[in-house]
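Using the working numbering, you'd call the opening residue of the sequence shown number 101 and step up by one each time.
Even glycine gets a Cβ: it sits at the ideal position worked out from N, Cα and C.
A short write-up of the structure that comes next.
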Amino acid sequence: MGIIIKQSFISSIVSYIGVALGALNSLYLFPKLIGPEGIGLINVISASATLFLPLLQLGFTTSLVKFFPHFRKKSYFTTFVAYGFLAPLIALIVFALLWPFTRGIFSFFFEEKAEIIFDNISYVVPLSGILVFFGLFESYARANYKTIVPAVVRNLIWRLSMTLGVIVVTSDYFGHANLALVLVWSWLLCLIIIGVYVYVGTDLKLGWKKDFFSSDKFMSFNSFSGYVILVALGVRLVQVIDQLMVASLIDTKAAGVFTTAMYFATLIEIPKRTVMNIVQPVLVDAFKENDMQKVNEIYKKSSLNLLLIGGTIFVLIWVNVFDIFEIIPRKDEFQTGIYVVFFYGLARVIDLGMGCNHEIIVFSKYYKVNLPLQFLLVGVVMGTNTLLIPEFKITGAALATCISVIIYNLLRYWYLKWKLSIQPFSKQTIMVLLILVVYLLIGTYLPVDFKLINNPIIRSLVNIFVRTIIVGVPILITAYFLKLSDVINRVINEILGKIKSNKQ
101 MGIIIKQSFI
111 SSIVSYIGVA
121 LGALNSLYLF
131 PKLIGPEGIG
141 LINVISASAT
151 LFLPLLQLGF
161 TTSLVKFFPH
171 FRKKSYFTTF
181 VAYGFLAPLI
191 ALIVFALLWP
201 FTRGIFSFFF
211 EEKAEIIFDN
221 ISYVVPLSGI
231 LVFFGLFESY
241 ARANYKTIVP
251 AVVRNLIWRL
261 SMTLGVIVVT
271 SDYFGHANLA
281 LVLVWSWLLC
291 LIIIGVYVYV
301 GTDLKLGWKK
311 DFFSSDKFMS
321 FNSFSGYVIL
331 VALGVRLVQV
341 IDQLMVASLI
351 DTKAAGVFTT
361 AMYFATLIEI
371 PKRTVMNIVQ
381 PVLVDAFKEN
391 DMQKVNEIYK
401 KSSLNLLLIG
411 GTIFVLIWVN
421 VFDIFEIIPR
431 KDEFQTGIYV
441 VFFYGLARVI
451 DLGMGCNHEI
461 IVFSKYYKVN
471 LPLQFLLVGV
481 VMGTNTLLIP
491 EFKITGAALA
501 TCISVIIYNL
511 LRYWYLKWKL
521 SIQPFSKQTI
531 MVLLILVVYL
541 LIGTYLPVDF
551 KLINNPIIRS
561 LVNIFVRTII
571 VGVPILITAY
581 FLKLSDVINR
591 VINEILGKIK
601 SNKQ
């Protein structure tokens, strides 16, 4: 866990710097400059491109990490790497050739109520290609335990390039039609940077030896990748189907409001994304050595720590949500997304509380069960969205996601307990939940409003700051003295130790 904690800490710092820039983009700059329609265009084009990634990457982003330890010391290792990049390239070429037929599907969904999306839908092809190889380079770096630079590229460089791009295209010489192009160029810059880093930093070499294709692990690699394709497709559908259905059933502006509100869920998920990038190779090694005690330890620690950290972020967001939406430009257009924040955020907290259950299943010998589970989830998501969006609009889409996440995680929890006799919960879990609920209620009804401040934006900022201190600090203090998380306690003790040493 030492490697996990160290790299997780550094990557978290990078991620939260990216969060600050992302907050500037999502909550102020983009609403002010391009409004909900422009935001909807960018996010739906991005969602459409990522929808194809599982098919185009052929499952190799996961397979490269899983099989890396098995091939690392083989003479045909360079062929393993070359195959991992060449096969997706061929898939991408086929996709580009078939695009004229695929475009007709998007016409059916978007041409009537989201015309601006349909007019820019062809940007999906180059964007998909860029994202395919960005994901492959990122996975190769992760397999080499190098996660910090990829985190910088994804969280900082991409956001900075989007910021500059949006500022440029909203000048008098450009318009919304160029927003999709900004998205493509921003990711292309990131691809170039991470490609150079992986080539130089990991001593990436490609080769071609026939021994690789006759090895025992070659068929296992392809078989595993085949299942990953289908499972990842299900995961991707779950991630983007609500955005696509909101744009299709309502309009592009509604999709913009919805995805802006969804941004708060990404704040809650940052701890998990950071930890899981590092946990994956450790789990692979644990399963290779059949060290189930290590697997169980990671399962429990990931659940408890992610629930505490992610739950605290959710509480702080929700108790401040009305003041946050007061700050957003064109607030009258965006305030319909307030309860999207609640239901989508709650879904993310539930997912965090279940720990690394998905990763454990994927890297265990029972990985095939993900396939029926995932497509069951897709059915639930599509069904609940179809029922709830017409009645409750974008709030219905968020509620549908929350229901689906609960069902899916309960199934994964039951399966791991049945097959591996492991489960992530303890007495500390109950205590964390009680703390979060109590402070959520306190913060919600806390009478914090500095009405003497005339400027509404400054007043909201002061309200947010004061309420965050009043609610957030007691949560951490309570967790510290109850010793709910050894990771949290270790970090706080290190900070206190440095403060004491500086005084001396």
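Quick check: what's the CA-CA separation for residue i versus residue j?
{"i": "Tyr545", "j": "Leu186", "result": "57 Å"}
{"i": "Val331", "j": "Phe233", "result": "19 Å"}
{"i": "Thr486", "j": "Thr495", "result": "13 Å"}
{"i": "Gly159", "j": "Leu337", "result": "15 Å"}
{"i": "Ala497", "j": "Tyr444", "result": "9 Å"}
{"i": "Met101", "j": "Val375", "result": "Because Met101 carries a pLDDT of 49, less than 50, the predicted location of this residue cannot be relied on, and the following value inherits that uncertainty. Approximately 11 Å between the Cα atoms of the pair."}
{"i": "Val573", "j": "Gly453", "result": "21 Å"}
{"i": "Ser601", "j": "Ile588", "result": "20 Å"}
{"i": "Phe422", "j": "Leu304", "result": "49 Å"}
{"i": "Val357", "j": "Phe210", "result": "17 Å"}
{"i": "Leu238", "j": "Pro169", "result": "Note on residue identity: the sequence assigns Glu, not Leu, to residue 238. Each residue's alpha carbon lies about 17 Å from the other."}
{"i": "Pro524", "j": "Pro250", "result": "29 Å"}
{"i": "Ile350", "j": "Phe492", "result": "11 Å"}
{"i": "Ala182", "j": "Phe442", "result": "45 Å"}
{"i": "Phe318", "j": "Val328", "result": "15 Å"}
{"i": "Leu333", "j": "Lys431", "result": "35 Å"}
Can you tell me whether residue i is helix, strand or coil according to DSSP?
{"i": "Met454", "result": "coil"}
{"i": "Pro429", "result": "coil"}
{"i": "Met101", "result": "Note that Met101 has pLDDT 49, beneath the 50 cutoff, so the model's placement of it is unreliable and the number below is only indicative. Met101: coil per DSSP, three-state reduction."}
{"i": "Gly307", "result": "coil"}
{"i": "Asp316", "result": "helix"}
{"i": "Gly437", "result": "helix"}
{"i": "Asn563", "result": "helix"}
{"i": "Phe152", "result": "coil"}
{"i": "Glu389", "result": "coil"}
{"i": "Lys598", "result": "helix"}
{"i": "Leu197", "result": "helix"}
{"i": "Thr270", "result": "coil"}
{"i": "Gln380", "result": "helix"}
{"i": "Thr302", "result": "coil"}
Any idea if residue i is buried or exposed, counting beta-carbon neighbours within 10 angstroms, 16 or more meaning buried?
{"i": "Arg590", "result": "exposed"}
{"i": "Ser146", "result": "buried"}
{"i": "Glu594", "result": "exposed"}
{"i": "Ala120", "result": "exposed"}
{"i": "Ser207", "result": "exposed"}
{"i": "Phe313", "result": "exposed"}
{"i": "Asn509", "result": "buried"}
{"i": "Tyr399", "result": "buried"}
{"i": "Lys519", "result": "exposed"}
{"i": "Trp514", "result": "exposed"}
{"i": "Gly449", "result": "In the sequence under discussion, the amino acid at residue 449 is Val, which differs from the Gly named in the question. Result: buried."}
Looking only at C-alpha atoms, which of the options sits nearest to residue i?
{"i": "Val478", "options": "Asp385, Arg512, Gln339 and Ser115", "result": "Gln339"}
{"i": "Tyr467", "options": "Ile530, Leu516, Leu281 and Leu127", "result": "Leu516"}
{"i": "Asn255", "options": "Leu416, Gln343 and Arg373", "result": "Arg373"}
{"i": "Val532", "options": "Ile506, Ala579, Leu476 and Val469", "result": "Ala579"}
{"i": "Arg512", "options": "Glu459, Phe492, Ala355 and Lys493", "result": "Glu459"}
{"i": "Thr179", "options": "Trp308, Val253, Leu304 and Asn220", "result": "Trp308"}
{"i": "Ile503", "options": "Gly483, Pro490, Tyr245 and Pro131", "result": "Gly483"}
{"i": "Trp258", "options": "Val449, Trp287 and Lys551", "result": "Trp287"}
{"i": "Leu236", "options": "Val224, Thr161 and Leu264", "result": "Thr161"}
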